[in-house]
Each structure stands twice: as C-alpha cells, then as structure tokens.
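Protein chains in written order, with the numbering used here: chain A, 375 to 784; chain B, 8 to 510.
Glycine is no exception: its CB is placed at the ideal position from the N, C-alpha and C atoms.
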Amino acid sequence: MTRPIRRIAILGSGLEAVLAEFVLAQRTGLEVARYSESNTPALSAAHSVLTPQALQQLEHAGLSLRDLLGLPGSLPTLGARLSKEGQTRCRPFGPCGLDWAGTGFHHHWLRARHGGLAVPYAAFSPAYRAMQENRFAPPDRRNRIGALQHESGLHVHPAALFDRLAQARQAHPIHPGLDVDADLIIDAREVTPGLERAETGIVQPCSEWTCEVGELHVSIPLRGETLEQRIAPASPTTAILPPWTGNRVSIGQAAHAGPCLPGLAVERLLFELDLLIELMPDAACDPAETLEYNRIWIEEMKEVDALVSLYLDVENPRASERLQMFQHRGYVRSLDTSLVTESDWISHALALGHIPRHHDPLSHRLDDSRLKLELGQLLQKVNTVSGEFPPFAVYLEAIDKALGRAEETA
Amino acid sequence: MKAKRRIVIVGGGTADWMAAAALSAMLPRQGFSINLVKSEQIGIIGVGEATLPHLRHFNDTIGIQEAEFVQATSATMKLGIEFVNWGDIGDRYIHPFGTFGHAIQGVKFHQAWRKLNADAGAGEIGKYSLPVRMFQAGKFDIPGSIYRSITLSYGYAYHFDANRYAPFLRQISERRGVVRTEGDVNVVIPNPENGEIHSILLDNGAQLEGDFFIDCTGFRGVLIEQALEAGYEDWFHWLPCDRTIAVPSAASIPTPPNTRATAHAAGWQWRIPLQHRMGNGHVYASGFMDEDEAESILRANIEGELIAEPRPLRFTTGRRKQFWAKNCISVGLASGFLEPLESTSIHPTQLAITNFIELLPVTSDMSRERDEYNTIMAREFERVRDFLILHYHVTRRQDSEFWNYVRTMEIPASLQEKIDLYSARGRVARYQQGLFLEPSWLAVYLGQGLVPGQPDPSAAPLDLADLASQFKALDQDITAALASMPGHDHRLAEMLETVSHTQ
Ligand SMILES: Cc1cc2nc3c(=O)[nH]c(=O)nc-3n(C[C@H](O)[C@H](O)[C@H](O)COP(=O)(O)OP(=O)(O)OC[C@H]3O[C@@H](n4cnc5c(N)ncnc54)[C@H](O)[C@@H]3O)c2cc1C
Numbered sequence: 375m376t377r378p379i380r381r382i383a384i385l386g387s388g389l390e391a392v393l394a395e396f397v398l399a400q401r402t403g404l405e406v407a408r409y410s411e412s413n414t415p416a417l418s419a420a421h422s423v424l425t426p427q428a429l430q431q432l433e434h435a436g437l438s439l440r441d442l443l444g445l446p447g448s449l450p451t452l453g454a455r456l457s458k459e460g461q462t463r464c465r466p467f468g469p470c471g472l473d474w475a476g477t478g479f480h481h482h483w484l485r486a487r488h489g490g491l492a493v494p495y496a497a498f499s500p501a502y503r504a505m506q507e508n509r510f511a512p513p514d515r516r517n518r519i520g521a522l523q524h525e526s527g528l529h530v531h532p533a534a535l536f537d538r539l540a541q542a543r544q545a546h547p548i549h550p551g552l553d554v555d556a557d558l559i560i561d562a563r564e565v566t567p568g569l570e571r572a573e574t575g576i577v578q579p580c581s582e583w584t585c586e587v588g589e590l591h592v593s594i595p596l597r598g599e600t601l602e603q604r605i606a607p608a609s610p611t612t613a614i615l616p617p618w619t620g621n622r623v624s625i626g627q628a629a630h631a632g633p634c635l636p637g638l639a640v641e642r643l644l645f646e647l648d649l650l651i652e653l654m655p656d657a658a659c660d661p662a663e664t665l666e667y668n669r670i671w672i673e674e675m676k677e678v679d680a681l682v683s684l685y686l687d688v689e690n691p692r693a694s695e696r697l698q699m700f701q702h703r704g705y706v707r708s709l710d711t712s713l714v715t716e717s718d719w720i721s722h723a724l725a726l727g728h729i730p731r732h733h734d735p736l737s738h739r740l741d742d743s744r745l746k747l748e749l750g751q752l753l754q755k756v757n758t759v760s761g762e763f764p765p766f767a768v769y770l771e772a773i774d775k776a777l778g779r780a781e782e783t784a
Numbered sequence: 008m009k010a011k012r013r014i015v016i017v018g019g020g021t022a023d024w025m026a027a028a029a030l031s032a033m034l035p036r037q038g039f040s041i042n043l044v045k046s047e048q049i050g051i052i053g054v055g056e057a058t059l060p061h062l063r064h065f066n067d068t069i070g071i072q073e074a075e076f077v078q079a080t081s082a083t084m085k086l087g088i089e090f091v092n093w094g095d096i097g098d099r100y101i102h103p104f105g106t107f108g109h110a111i112q113g114v115k116f117h118q119a120w121r122k123l124n125a126d127a128g129a130g131e132i133g134k135y136s137l138p139v140r141m142f143q144a145g146k147f148d149i150p151g152s153i154y155r156s157i158t159l160s161y162g163y164a165y166h167f168d169a170n171r172y173a174p175f176l177r178q179i180s181e182r183r184g185v186v187r188t189e190g191d192v193n194v195v196i197p198n199p200e201n202g203e204i205h206s207i208l209l210d211n212g213a214q215l216e217g218d219f220f221i222d223c224t225g226f227r228g229v230l231i232e233q234a235l236e237a238g239y240e241d242w243f244h245w246l247p248c249d250r251t252i253a254v255p256s257a258a259s260i261p262t263p264p265n266t267r268a269t270a271h272a273a274g275w276q277w278r279i280p281l282q283h284r285m286g287n288g289h290v291y292a293s294g295f296m297d298e299d300e301a302e303s304i305l306r307a308n309i310e311g312e313l314i315a316e317p318r319p320l321r322f323t324t325g326r327r328k329q330f331w332a333k334n335c336i337s338v339g340l341a342s343g344f345l346e347p348l349e350s351t352s353i354h355p356t357q358l359a360i361t362n363f364i365e366l367l368p369v370t371s372d373m374s375r376e377r378d379e380y381n382t383i384m385a386r387e388f389e390r391v392r393d394f395l396i397l398h399y400h401v402t403r404r405q406d407s408e409f410w411n412y413v414r415t416m417e418i419p420a421s422l423q424e425k426i427d428l429y430s431a432r433g434r435v436a437r438y439q440q441g442l443f444l445e446p447s448w449l450a451v452y453l454g455q456g457l458v459p460g461q462p463d464p465s466a467a468p469l470d471l472a473d474l475a476s477q478f479k480a481l482d483q484d485i486t487a488a489l490a491s492m493p494g495h496d497h498r499l500a501e502m503l504e505t506v507s508h509t510q
C-alpha cells in the first residue's frame with residue numbers, strides 16, 4: 375500500500391481510544407475517526423492518575439490543566455503512599471534532595487542512614503510532609519529550594535475525562551463485516567477494563583498503594599469518591615511483540631496487556647502517540663518507520679515491565695539484575711528510555727524498601743560532620759517550605775473559586 | 008582507621024595524567040592513594056589535539072581554570088569540524104557543536120527547512136546555525152552572555168597541544184598528592200588466588216602493589232592485554248584506515264575556530280590550528296595506498312611551512328573485548344582506538360575515567376561493577392563506531408578503490424537501520440544516550456548529500472510564506488549577533504590577558 379495517509383481509524387470504546395482520537399486530531403491535522411463496538415465506555419482506574427509528565431503532554435495537545443481541574447471529581451496529587459509488610463513510605467513526584475559532591479543525593483542519604491539517620495528518603499521533598507499533613511501547593515518559584523522543586527499531578531475520573539474528550543466526537547459503530555476505510559488503523563481496544571468504587575475516604579493529595587502477596591492494591595481519591603484498582607500479574611505472562619505491522623498499529627493495552635502502574639498507563643499511551651506522530655509515515659507501511667517505532671517501543675515496554683515487576687511477584691531478569699546492582703551499591707545505569715528513567719528506578723526501589731548495602735564512595739568528599747550539617751539544613755528548608763503549603767481543603771476552595779465553581783461534585 | 012585503597016596508574020601520556028588528575032580531584036583523599044608509574048624510555052603518541060565540548064566539563068570537574076588551560080596548552084577554540092570532499096570531491100560542510108535553527112510550530116527545524124528549500128529555496132541549512140556562521144566569519148565568544156536573544160544553542164571545544172596537556176595535568180595531580188614513580192613495567196605479578204594483579208615489577212627493581220590498576224600504556228596494553236589477555240575486537244573491515252603520518256606546520260593567522268578533515272583517495276587529512284603551530288596528519292588505509300604516496304599527498308596539502316619531520320604511526324581500529332578485566336581497567340589507547348575523524352579519541356578516556364569513578368568498587372568482589380562498566384563502554388564505542396562508518400559509507404565518490412570499497416561494504420545492521428530511516432523521510436533515530444545525538448547525525452546526512460525520498464508529513468501544515476519570513480528573521484538575528492561578536496584571535500587574546508593579569 376503506497377497511498378498517502380489522510381485518514382486514520384481508531385478502534386476502541388475506552389479512554390485510550392478517545393484520548394488517541396483527541397491527541398491525533400489536535401496534533402496531526404489528519405482526518406481521524408473512531409470506531410467503537412459499544413456505547414458504554416470501557417473504563418479503568420489505571421487511567422485516573424495523570425503524572426506531571428502526562429499533564430505536560432496533554433497541555434501540548436491542547437488540554438490544559440485548568441480544563442482538567444474543572445472536570446467533576448478531579449483532585450490534585452503529590453504522589454503515592456506505599457504500604458508494604460507493615461511499613462508505609464512515600465513516593466512523591468519529582469526529585470528528593472540535592473546532588474552534592476559529584477554524586478546523587480540518595481548516596482548521601484544512604485550513608486547517613488547507615489550511620490543511624492532515621493529520616494526517610496522522601497522527607498527530603500516538600501511533598502512528603504504535605505502528604506502527611508494534608509497540605510498542597512502546586513510547584514512554583516516560591517517553593518523551590520535551589521534546584522529542588524516538587525511536582526504535582528492530578529487524579530481524574532476516567533468517565534469525566536472520557537466525556538470531556540468524546541464531546542462533539544461521534545464514534546462510528548463497528549459491526550461484523552464492516553470494512554474500515556482508513557490508511558492507518560490504530561487498535562486501541564482495551565482488554566482489562568475495571569473500575570471499582572469505594573465510599574469516599576479522606577480527601578488527600580496522594581494515592582495509596584498497598585503491596586499484597588503478588589498483587590498491588592491502589593486507592594485513588596477523587597472529590598466525592600475513591601477509585602480502587604487491583605493490579606495483578608498477567609497470566610500467562612504477556613509477550614512484548616512489535617505493535618506495528620503493515621497499516622495497523624496497536625497502542626495502549628491493545629499493544630501490551632501486561633499490568634501497568636497507575637500514572638504510567640496514561641503516560642505510556644501519550645508516549646506512544648507522540649512517537650507515532652513523530653514517525654507518522656506518508657504511506658502506512660514504510661518499513662523504516664515501522665522498524666524504528668517497534669525498536670523504541672519494545673525497549674520502552676521492557677523497562678516498564680521490569681519496573682512493574684518490582685511490585686508483583688513475577689520473574690523479570692532485567693529487573694532482578696538491576697535490583698541486585700541497586701541493592702549492592704545504589705547504582706542504576708543511565709537508561710535509553712524515556713518512560714522509565716534511572717531516577718524512577720531509584721525512587722521506586724527505595725519506596726519499596728530496597729535499601730542498598732553500600733553507597734557511592736564519592737559521598738565521603740563531604741566529611742561526616744559536613745554531611746550531617748548539609749542534611750540538617752536541607753531538611754529544615756524543606757520543612758519550612760512545606761509548612762507554608764495551605765491545607766488541602768483551603769487550596770481546593772481557592773481552585774473552586776478560580777474556576778467559578780461553588781458546589782462540590784458528587 | 009581503614010587502610011587506604013591503592014590505585015596504581017601505569018603510563019605517562021595524556022590518558023594517565025587525565026586519570027590521575029580526575030581521580031585525585033574526585034576521590035575522597037582519606038580513602039585512596041594514587042601512584043603513577045611513568046616510563047622515561049617509551050614515548051607517548053602525543054598527537055591528540057582536537058577535542059569535543061565534553062572536555063570542558065572534565066576540566067571543570069578537576070577545577071581547571073579555562074584561561075590557564077588555554078595558555079598552558081596553547082589551545083584555540085573549536086566550533087566544529089569542516090568536512091571537505093566527503094560526499095563527493097568539491098563538497099564541503101560543517102558539523103557544528105550546536106543545533107540548526109529551532110522547532111517551528113512543533114516541527115523539527117530541518118523538516119521545515121526541507122519544505123521551504125524544496126519550494127522557494129532556503130539556502131544551506133548551515134545558514135541557520137550560529138556556530139556554523141561564527142566559524143565562517145572567524146568569530147568566537149563564550150555561549151550565553153549577550154547572545155541569549157537568539158534561541159540557538161552552541162557549544163565549543165578546544166584544539167590543544169597534547170604534549171603540553173599531560174605536564175599541565177601532572178602539576179595539578181602532584182599537588183593533590185599523586186605520587187609518580189619512574190620506570191618501565193617489566194613483570195606483572197598475579198595474585199595466585201584469583202588471577203588479579205597483585206603488583207608490578209619495574210625495570211629498576213622497584214615493586215608496586217595495588218588494589219586496583221589502570222592501564223594507560225597505549226597500544227601496548229601492558230597490563231590489560233599482555234598480562235590479562237582481555238582480547239581485542241577488530242573493526243578493520245568497517246574502518247579500514249590503519250596508518251597515519253603526522254607533521255606540524257607553521258601557524259596561520261587568523262586562526263580558524265575549527266578542525267578540518269579533508270578526504271583523499273584512501274583516507275583523509277586533519278588540520279588542527281593551535282596558537283603556535285598547525286597540526287596536520289594523513290590517516291590512510293595501507294591496503295589501498297603506500298606510505299610514500301600518503302606522505303606526498305600530505306605534503307602537497309599543507310598550507311604553511313613544515314616545522315618537523317613527518318612521523319608515521321600505525322593503529323588498529325577496534326576496542327578491547329573487556330575494558331575492565333580482573334582488577335584492571337584500560338584507559339586511552341590501551342582500551343581501543345577509533346580514528347580521530349570526529350575528534351573522539353580523547354573522549355573515551357574521559358568516559359572511562361568518569362564511569363570508573365561512578366563504579367568504583369565498594370567491596371573486594373567487583374564483578375558487578377566490572378560487568379556494568381564493560382557493557383556501558385561497549386555501547387559507547389559501538390555508537391561512535393557507527394557514526395564514523397557513516398562518513399565513509401554515505402558518499403557518492405567513485406574515484407578510487409578505497410571509496411568503492413567503503414561505499415559498497417556491508418555495514419552494521421544498527422547503522423543500516425538509521426540510514427534507512429533517514430532516507431525515507433529525513434528522520435533521525437531517537438536515542439537518549441550516546442555521544443552523537445540528532446544534530447550531529449543531521450549534519451552528516453545533510454552534508455554528505457543523503458536526500459530523503461519523501462517530505463515529512465509533519466511539515467505539511469506549515470505555511471510557506473510564514474516559513475519564509477521566520478527563516479529570514481532567524482538569518483537576520485544571526486547576522487546581528489555576529490556583528491557584535493569578536494574575532495576568534497581577538498577573543499583568545501582577551502582570555503590570555505586575564506591569565507597574565509592574575510599572575
Ligand atoms: C593518529 C592519531 C591521531 C589522533 N588524533 C586525536 C585527536 O585529534 N583528538 C583526540 O582526542 N585524540 C586523538 N588521538 C588520540 C590521542 O592521541 C590519545 O588518545 C592520547 O594521546 C592518549 O594516549 P595514551 O595516553 O592512551 O597513550 P600514549 O600516548 O601512547 O601513552 C602511553 C604511555 O604509556 C607508557 N608506557 C608504555 N609501556 C610502558 C611500560 N611497559 N611501562 C611503563 N610505562 C609504559 C609510555 O611511556 C607512555 O607514557 C589520536 C591518536 C592517533 C594515533
């Protein structure tokens with residue numbers, strides 16, 4: 375097929391399909407049509423966490439933070455609180471601490487911890503105390519500490535986001551024998567929808583992750599309700615296969631149905647769309663572009679799978695090799711991927727309680743008393759900054775006012 | 008108190024003093040002792056003169072003041088490399104240390120440029136690169152300061168006298184406690200329990216023990232190969248140049264702020280301007296040309312008067328199979344060699360040292376660090392290798408057996424995929440890591456005349472009239488920035504002036 379791409383067909387009735395339709399229509403100027411087998415959207419709680427990176431990309435596609443904040447149920451978030459084997463740790467978005475003496479902050483923290491420091495790693499982000507005390511402030515220049523700036527994301531109700539995106543876009547029904555007329559077909563049919571709801575818990579600026587045997591249980595607070603998700607290993611383990619062949623490319627769960635962490639699910643879809651746009655061929659089956667897309671995608675998915683496997687009791691050679699090295703000396707190699715980076719590995723591994731036995735010897739460029747002083751001063755600054763964050767409820771009221779919205783969405 | 012860990016560096020050329028200076032600057036003093044063994048009998052290669060911008064970061068880490076370095080090594084500034092006769096005889100392009108233009112409405116600049124160029128003509132893409140225009144105008148200034156209004160980034164590197172860099176680093180290292188021992192390594196004594204190096208015996212009878220050894224003995228690889236037999240992967244079939252003849256000539260004024268690489272019938276010639284002389288060398292493939300012919304081509308293509316006798320050298324392009332074996336890493340020429348077409352020879356030295364510092368063993372079992380180090384270094388060498396092969400393979404030259412060979416040879420699959428991708432619609436393979444990223448690949452693809460078959464659909468919505476006016480504005484901005492920029496020699500003199508004031 376050598377026909378130039380003018381028309382893209384997206385198959386799917388869930389949020390991934392509608393998000394793909396929105397982003398591609400906004401960013402390519404091509405004719406995009408969606409074909410759906412059902413009128414009721416298949417929704418999954420996995421799509422309710424928008425990370426800071428996802429928010430940026432949505433903004434780029436024309437969906438602003440203000441727009442998203444205005445959706446019923448939307449709630450800002452600073453990260454996740456993770457419980458495992460009776461211990462609770464935080465994993466805030468964004469960095470913790472500052473790099474000193476030519477080495478990463480986590481090495482200094484490790485050294486101090488080996489010497490008896492009881493303060494958790496995450497406490498070196500202003501988001502930590504804010505999560506504990508139910509406060510919130512979006513990142514801005516005023517709450518920056520040198521190079522240390524916390525980040526924020528958003529919890530959205532997948533149904534609200536779906537409605538917002540599907541507004542004014544009618545999907546074509548799919549029926550047996552239908553011949554989809556398109557130059558490129560994007561398969562975005564989700565395979566594991568699942569949206570459990572719970573009574574609203576406390577309205578807080580973070581999600582709750584609980585590691586159970588071979589399973590991760592996630593609670594995502596919204597305004598008015600809490601969404602629940604159980605993430606379990608795929609059975610049998612889903613293979614990572616090239617998603618693009620000929621004029622058909624699968625994205626999201628249709629490309630890889632393996633389990634995904636909250637936040638990473640939307641980020642991954644946006645990454646795929648971005649890559650697809652970057653490599654959009656003139657004619658659908660150009661082998662060079664297909665090959666490049668598949669090469670990058672496979673590498674990214676292997677990293678995602680490796681990271682996810684840390685939470686579930688599944689064998690993953692890449693993860694165990696990386697984890698062994700990390701536990702040995704707190705080192706993670708610079709990665710060639712953008713969905714999962716070395717700092718993601720560090721923060722996830724520490725949040726899961728994997729404490730390296732050794733730290734980078736470069737940390738000793740600061741002698742013991744200097745290290746103690748630097749850590750103490752940094753912690754004090756971090757606490758001062760987070761202490762100035764307003765209570766979450768006050769922040770939410772201010773948002774409502776700014777959006778001209780008085781009532782709370784049920 | 009814990010005993011200090013003993014690091015022994017063997018060599019005395021550029022690589023070893025770079026290692027000594029970096030280790031003495033970065034490692035906590037209380038934990039390590041650093042010894043350097045230097046031979047008086049065996050000379051150094053000493054021709055490494057053109058560098059990449061990363062060297063500035065390396066110097067910064069060591070705490071070197073730029074002006075002092077420039078003075079001590081007779082350095083000049085480098086904005087990129089000018090390639091002559093590569094795509095075809097008579098072709099000329101610049102690989103700058105910087106970008107071409109900036110994205111227009113989210114569309115990559117080169118794709119927008121291709122669109123405009125195909126329609127109304129946009130001129131050479133280099134017209135929209137600040138470092139290319141600086142080079143053409145013989146201008147130079149430190150990035151940032153007053154040129155911020157132009158949203159074009161550029162970097163710079165140095166040309167320097169390698170024979171002066173090593174003594175400069177030596178002073179710094181010795182001040183920081185590095186102990187130098189004279190002597191040739193005669194015998195390497197293994198630890199019978201684990202095969203690691205226990206100590207080295209010098210020709211003067213001295214014996215040096217160490218916990219860790221750094222082999223910087225150049226092509227000889229006295230520890231890594233002669234003692235530990237780490238093995239060598241030969242890339243001769245892809246990069247068939249294996250000889251060089253180097254010779255300095257008189258300096259030329261004004262000093263060009265760039266390296267030049269001119270392709271000849273069976274290789275290429277470098278021209279590297281320093282403050283006090285011009286470095287020249289002809290890199291050639293002995294399978295296609297003999298030494299006499301190579302020397303006469305070199306002599307015929309040197310602008311100034313020769314100031315020394317031509318010096319022949321041999322090399323084998325490739326890499327050590329294990330960069331780190333037992334308790335020894337190889338650094339510099341001992342770790343492998345990639346011809347200096349993109350000034351990449353000193354860079355692996357820098358990389359080896361920084362990676363080693365990052366992976367400094369924390370226990371006596373260093374197997375994890377070793378595996379990791381070997382993986383990273385292999386990846387870096389292979390990515391640079393592909394980039395170098397590109398220069399030879401993407402050519403229209405048919406004027407010699409050499410060019411016919413490199414143009415038609417089978418290339419690594421990893422490179423073929425990159426070329427195919429670019430050939431389709433002008434896209435550059437996406438990598439997060441590696442020395443040469445998108446702007447560098449683009450410079451060579453475009454410069455060597457590789458023309459993509461199709462336009463990029465992302466550029467289709469761009470309005471041509473709007474594009475033309477944006478390109479014009481960019482061109483004018485660059486012209487205005489150049490008007491207020493000093494000449495390269497002038498800026499260099501200003502910098503040197505600051506040293507004489509502080510002395
Ligand atoms: C043709 C050519 C052109 C080049 N151009 C560039 C360029 O433009 N840019 C760039 O970045 N790099 C370039 N290089 C590379 C650059 O020259 C080297 O990377 C740099 O000089 C480092 O060399 P080295 O210290 O590893 O080895 P050498 O300079 O060979 O030093 C080896 C040292 O080991 C010592 N030694 C050897 N055997 C023993 C022993 N048994 N006992 C004790 N000591 C011993 C010697 O005395 C010597 O001091 C070029 C190299 C070549 C060959």
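Against chain A, the CB of Ala420 of chain B has no partner CB under 8 Å away; the residue lies outside that interface. Straight through space, the alpha carbons of Glu389 of chain B and Tyr380 of chain B are spaced by roughly 14 Å. Taking one beta carbon from each stretch, the segment 207-221 of chain B and the segment 76-86 of chain B have fewer than 3 pairs nearer than 8 Å; the two do not touch. Ala74 of chain B sits in a helix when the DSSP states are folded into three classes. Nearest in C-alpha terms to Glu56 of chain B, of all of B:Gln276, B:Ala272, B:His271, B:Pro280, is B:Pro280. At a cut-off of 3 residues, the continuous stretches assigned as beta strand (DSSP E) that sit fully inside the segment 560-592 of chain A are 570-572, 581-586. Taking 7 Å as the cut-off, one finds at least one heavy atom of ligand 1 near enough to the beta carbon of Arg227 of chain B.
Just measuring C-alpha positions, the residue of B:Ala125, B:Gly105, B:Ala257, B:Leu422 sitting nearest Leu59 of chain B is B:Gly105. Per DSSP, reduced to three states, the secondary structure at Thr58 of chain B is coil, with no helix or strand assignment. Gly20 of chain B places its beta carbon 8 Å or farther from that of Ile71 of chain B. Put simply, the CB of Pro355 of chain B is far from chain A, with every gap to its CB atoms at 8 Å or more. In this structure, ligand 1 has a non-hydrogen atom nearer than 7 Å to the beta-carbon of Ser352 of chain B. Listed in chain order, the positions of the segment 694-725 of chain A with a beta carbon within less than 8 Å of a beta carbon of chain B are Gln698, Met699, His702, Arg703, Tyr705, Arg707, Ser708, Leu709, Asp710, Thr711, Ser712. Residue contact check for Asp427 of chain B against chain A: a CB pair falls below 8 Å.
A Cβ of chain B is located within less than 8 Å of the beta carbon of His738 of chain A. For the pair Thr324 of chain B and Leu539 of chain A, the Cα-to-Cα distance works out to about 56 Å. With the criterion set as a beta carbon lying under 9 Å from some beta carbon of chain B, the members of the segment 645-676 of chain A are Leu649, Ile651, Glu652, Leu653, Met654, Pro655, Asp656, Ala657, Asp660, Pro661, Ala662, Glu663, Leu665, Glu666, Arg669, Ile670, in sequence order.
Between Pro103 of chain B and Ala450 of chain B, the beta carbon gap of about 7 Å places them in contact (Cβ cut-off 8 Å). In this structure, ligand 1 has a non-hydrogen atom nearer than 7 Å to the beta-carbon of Cys223 of chain B.
No heavy atom of ligand 1 is found nearer than 7 Å to the CB of Glu387 of chain B. Against chain B, the CB of Gly476 of chain A has a partner CB under 8 Å away; the residue lies at that interface.
The distance from the Cβ of Gln282 of chain B to that of Thr83 of chain B is about 6 Å, consistent with a contact at the 8 Å cut-off. Within the same chain, Lys676, Ala680 come within 7 Å of Arg692 of chain A by CB-CB distance, once the 5 residues on both sides are set aside. Boundaries for Val44 of chain B: no alpha helix (DSSP H) harbours it, while the beta strand (DSSP E) harbouring it runs 39-45, taken from the DSSP string.
Only buried fits Ile594 of chain A, as 16 or more other CB atoms lie within 10 angstroms of its CB.
Here Arg404 of chain B is not near Pro319 of chain B, since their CB atoms are 8 Å or more apart. Given a length threshold of 4 residues, each whole run of the alpha helix (DSSP H) inside the segment 121-154 of chain B is given here in chain order: 137-144. A distance below 8 Å between beta-carbons, with the five flanking residues on each side excluded, links Pro197 of chain B to the following residues of its chain, in chain order: Glu203, Ile204, His205, Ala234. Ranked by how close their Cα comes to the Cα of Asn362 of chain B, the residues B:Glu349, B:Asp168, B:Leu86, B:Ile383 have B:Ile383 in first place.
Taking C-beta separations shorter than 7 Å and ignoring five residues to either side along the sequence, the partners of Ala315 of chain B in its chain run Val254, Pro255, following chain order.
Under a criterion of Cβ atoms nearer than 7 Å, the residues of chain A adjacent to Gly38 of chain B are, in order, Pro735, His738. Taken from the Cβ of Glu56 of chain B, at least one heavy atom of ligand 1 lies inside 7 Å.
Scanning A:Leu749, A:Ile672, A:Thr619, A:Ala562 for the CA closest to the CA of Ser410 of chain A turns up A:Ala562.
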